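Working notes, structure below.
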Ligand SMILES: [Zn+2]
């Protein structure tokens, strides 16, 4: 890890509520300031995740999305404003994050993540938060993060349901990956999209904030990691259920062939 930066008076005031937490303190806050996090997608889920990560002072925050803001996004993608319709989401998010915390370096990648560019895009980041809207990207990230030894905090929402887990299978025993849970991606038409099936706007806030929480915990190494556990939230029932995810010896990504 890079050497920890000294904090200015303004930083000490801005992050005072973090610094007073014994689990974070000045050293922990310096770690957050030194951290480099990539958030994939600038949609509903990642809007609150990005905002909380910027407010937390994550030093370098990357956002990758190739889409533009549409009127139908604004019901849940609260990082964008009505005036942003037609603007690239990555740029709109960068503007919003700069207003929340100008100390954060925001890198806007206006492109779609593919097998051809994933290594280049992920290079320079320590942790990846996935809030993408398709299985191809989810599996691409799972495999690339395993290869590149980057922790992946992955969340998804649909209708009134959300789920979140952390994957760091490169750490070995006890740490499964997405393919240990579901070896292959379902076809895109096997599961309906948010556009087809709908999604409650505030659900993005719940899961996105949880995603930001888990990213911060992973950076600081505090609390219990979500690695090896899939947390499932049912907003209608107001229930959280936890599923154990077991590392599979013959997983196509993290197992032995
Ligand atoms: Zn695996």
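Residue numbers (the working numbering): 344 to 600.
Where a beta carbon is used, it is the ideal one built from N, C-alpha and C, also for glycine.
Note that the structure is predicted; figures quoted are calculated from it, not measured.
For residue 470, the enclosing beta strand (DSSP E) starts and ends at 470 to 473. Under the three-pair Cβ rule at 8 Å, the region 497 to 512 counts as touching the region 540 to 555. In this structure, residue 596 has its beta carbon less than 7 Å from a heavy atom of ligand 1. Note: residue 583 is bridge-paired with 576 in the DSSP secondary-structure output.
Per DSSP, residue 453 lies in no beta strand (DSSP E) segment and is marked neither H nor E. Residue ranges of uninterrupted beta strand (DSSP E) with 3 or more members, entirely inside the region 503 to 527 and ordered along the chain, are 504 to 510.
Assigned with DSSP and collapsed to three states, residue 400 falls in coil, not helix or strand. In the structure shown, the three-state DSSP call for residue 381 is strand.
DSSP lists 381, 450 as the beta-bridge partner residues of residue 405.
Using a Cβ-Cβ distance cut-off of 8 Å, the region 473 to 480 and the region 375 to 394 are in contact, since at least three pairs of beta carbons, one from each stretch, lie closer than that value. Exclusion of the five residues before and after residue 464 leaves 381, 405, 407, 452, 454, 456 as the residues of its chain whose Cβ lies within less than 8 Å of its Cβ. Shortest gap from the CB of residue 600 to any heavy atom of ligand 1: 7 Å or more. Looking at the DSSP output, residue 500 sits in a beta bridge with 505.
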